[in-house]
Amino acid sequence: MKKFKMLISFLLIISLFLVGCSNEDSAPSADGTTTIDFAIHVANPTDQEPAFYQVIEQFQAENPDIKINLMGKEQQEHVKNIKMMSQSDKLPDVFWMLPASAKELEEADMLMDLTEFIDKNPEIKDSLKENMLSTYNNNGKQYGLPYQPLVTGFFYNQALFEKYGVGIPETFEDLVEATKVFEKNGITTIAKGAKDHYSVWAFLTMLSRYGYFDKIDAILAGKESYNNADFLKYYQKIEKLRKLKAFPKNVTTQSYFQAVEQFLNGQAAMLDSGMWDVKKIEQSDIGKDVGFWWGPTFADGVDNQKISSIVPAAPLLVSKKAGEDETKKEAVFKLLKFYYGEDGTQIMIDNQVPPMTNAEVNIDETEHPVFKKLVDQIRLEDWESQPNQPDLVVPESMANAMYDSIYGVINGTYTPEQATKIVEDKISTIN
Numbered sequence: 001m002k003k004f005k006m007l008i009s010f011l012l013i014i015s016l017f018l019v020g021c022s023n024e025d026s027a028p029s030a031d032g033t034t035t036i037d038f039a040i041h042v043a044n045p046t047d048q049e050p051a052f053y054q055v056i057e058q059f060q061a062e063n064p065d066i067k068i069n070l071m072g073k074e075q076q077e078h079v080k081n082i083k084m085m086s087q088s089d090k091l092p093d094v095f096w097m098l099p100a101s102a103k104e105l106e107e108a109d110m111l112m113d114l115t116e117f118i119d120k121n122p123e124i125k126d127s128l129k130e131n132m133l134s135t136y137n138n139n140g141k142q143y144g145l146p147y148q149p150l151v152t153g154f155f156y157n158q159a160l161f162e163k164y165g166v167g168i169p170e171t172f173e174d175l176v177e178a179t180k181v182f183e184k185n186g187i188t189t190i191a192k193g194a195k196d197h198y199s200v201w202a203f204l205t206m207l208s209r210y211g212y213f214d215k216i217d218a219i220l221a222g223k224e225s226y227n228n229a230d231f232l233k234y235y236q237k238i239e240k241l242r243k244l245k246a247f248p249k250n251v252t253t254q255s256y257f258q259a260v261e262q263f264l265n266g267q268a269a270m271l272d273s274g275m276w277d278v279k280k281i282e283q284s285d286i287g288k289d290v291g292f293w294w295g296p297t298f299a300d301g302v303d304n305q306k307i308s309s310i311v312p313a314a315p316l317l318v319s320k321k322a323g324e325d326e327t328k329k330e331a332v333f334k335l336l337k338f339y340y341g342e343d344g345t346q347i348m349i350d351n352q353v354p355p356m357t358n359a360e361v362n363i364d365e366t367e368h369p370v371f372k373k374l375v376d377q378i379r380l381e382d383w384e385s386q387p388n389q390p391d392l393v394v395p396e397s398m399a400n401a402m403y404d405s406i407y408g409v410i411n412g413t414y415t416p417e418q419a420t421k422i423v424e425d426k427i428s429t430i431n
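Each residue of the sequence shown is one higher than the one before, starting from 1 at the first, in full-length UniProt numbering.
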């Protein structure tokens, strides 16, 4: 009996030791601080992602009991590192990830379900735009939240429109008439550079006005063809712009960055771009004259024509292990609440990152006129954002074929019929 009692005591000591060891990594430090390991896709967040960095710094200042351990690497190395960490089940507590890889981690059941966070913070749930949540929701499980919004469209030089007596377009017919005037006066209507084949953001939104998101699931399933009557009309519109000489003469040999310079130098009336170019435009000589436009509506388009593009960028994810530790989970929830709340949103705004919520924000229009105009377009009540960018919901090889098809028509190397067939042929290799 004595030996039995000694054995029980020994086993109890061992079990208590093991419990202590299992909680060692996640328990608060001696001073009561909880550490969140946060892996981000840039090596120097201070300079490369100042908006994000300032949100984190302010959160720590207001929550001294929570320390954010930033783990920064350049994107390619970061993604590779996250994949390696997932293989050994040692993911960081919170981390940025590419959408396709995020979905793989979700399917491997390695991510925390953030539905509880959303349900506990209804003000954030109501404030976030619907597509910011639905994009990273899998059968009711909220496995990710957007790092930032991605806003794309056309910047336009209002001074050029006024100089040549052209109104800011609303319809495709308006754009055609403007193109005729600009061509006559030696001005490129839309600055573009085919050497960077992905630079077709506003043109992808135009494709959404021809029913892209109504059709894409059936197209990928092989039940409908990309080579359809509606998409053909879309490519015919691009061909018409090409014939009217809307694009640069050197579009085939020009890069996207050269197209930006063409616009900034006042040689083009519009630029197909996005939020990332706001600062550069505001710092240029034409900054005070630049506005932002979602692109033309089409009389022969499909359904709603007032489609904007305010879509979620790559997501922030939380590891499943972080959610299994109540102390760490509470700290993560506090961080997310600050990040997506009014304070975090205002810090983003102060750094010219557009809002992904409908929270009231303050913008100094005198200092940031282009950014103010972009945000005003985001706030238009009668416009609805496409759920995502069309190229981000299909396999990469199909996305590349879509870029090729659009620039093929812009360059004059494809007819509209050939353009739709190029993409359809690529889909057939995927299926």
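Beta carbons are placed, not taken as given, at the ideal position from N, Cα and C, and that holds for glycine.
Close beta carbons around residue i, own chain, < 6 Å, minus the five adjacent residues each side
i: R209; result: F298, G301, Q305 and I307
i: D217; result: none
i: A419; result: Y235, S405, G408 and V409
i: M85; result: L91
i: N351; result: P50 and A51
i: K113; result: Residue identity check: residue 113 is Asp in the sequence provided, not Lys. Same-chain partners within the cutoff: K141.
i: I66; result: T34 and A331
i: F38; result: I68, L70 and V94
Enclosing alpha helix (DSSP H) for residue i [first to last residue]
i: T345; result: E342 to D350
i: A218; result: Y212 to L220
i: D31; result: Segment: none, D31 is in no alpha helix (DSSP H) and carries neither H nor E.
i: N362; result: No alpha helix (DSSP H) holds N362; DSSP gives it neither H nor E.
i: L392; result: Taken as a continuous stretch (DSSP letters only), L392 belongs to no alpha helix (DSSP H), as it is neither H nor E.
i: Y234; result: A229 to K243
i: E162; result: Q158 to K163
i: M356; result: That residue, M356, is in no alpha helix (DSSP H); it is neither H nor E in DSSP.
i: E57; result: P50 to E62
i: K373; result: P369 to I378
i: A202; result: W201 to S208
Beta-ladder partner(s) of residue i, from DSSP
i: P146; result: P315
i: F38; result: L70 and V94
i: I307; result: E384
i: L111; result: S319
i: T415; result: Note: T415 sits in no beta bridge, so no partner.
i: T188; result: A268
Cβ pair residue i, residue j closer than 9 Å
i: Q377; j: W276; result: no
i: E424; j: V370; result: no
i: G341; j: E116; result: no
i: T34; j: K328; result: yes
i: V361; j: D93; result: no
i: T357; j: T345; result: yes
i: W96; j: I187; result: no
i: Y212; j: F182; result: no
i: T152; j: S309; result: yes
i: K320; j: M110; result: yes
i: N121; j: K337; result: yes
i: Q386; j: L150; result: no
i: Q148; j: D289; result: no
i: L316; j: F154; result: no
i: A314; j: P45; result: no
i: V260; j: A191; result: yes
i: L175; j: P64; result: no
Where residue i falls: helix, strand or coil (DSSP)
i: N138; result: strand
i: residue 432; result: Because the chain is modelled from 1 through 431, residue 432 falls outside the range shown and cannot be assessed.
i: V290; result: strand
i: G153; result: strand
i: G301; result: coil
i: L128; result: strand
i: A259; result: helix
i: G274; result: strand
i: E384; result: strand
i: A399; result: helix
i: T171; result: strand
i: Q88; result: The question names Gln, but residue 88 in the sequence shown is Ser. It is coil, neither helix nor strand.
i: N81; result: helix
i: D404; result: helix
i: V251; result: coil
i: A43; result: coil
i: Y339; result: helix
i: P122; result: helix
Boundaries of the beta strand (DSSP E) in which residue i is found, first to last residue
i: K67; result: I66 to G72
i: W96; result: V94 to W96
Cβ neighbours of residue i in the same chain (closer than 7 Å, five flanking residues each side left out)
i: V19; result: Interpretation of V19 is limited by its pLDDT of 37, a score under 50 that renders its predicted location unreliable; the figure taken from the coordinates is listed afterwards. Excluding positions up to five away in sequence, the list is empty.
i: K426; result: S397, M398 and A401
i: K279; result: Q352
i: Y226; result: I219, T420, V423, E424 and I427
Own chain, CB closer than 8 Å to residue i, minus 5 neighbours either side, in chain order
i: K180; result: L244
i: S134; result: P387
i: K83; result: S101
i: K237; result: F172, M206 and F298
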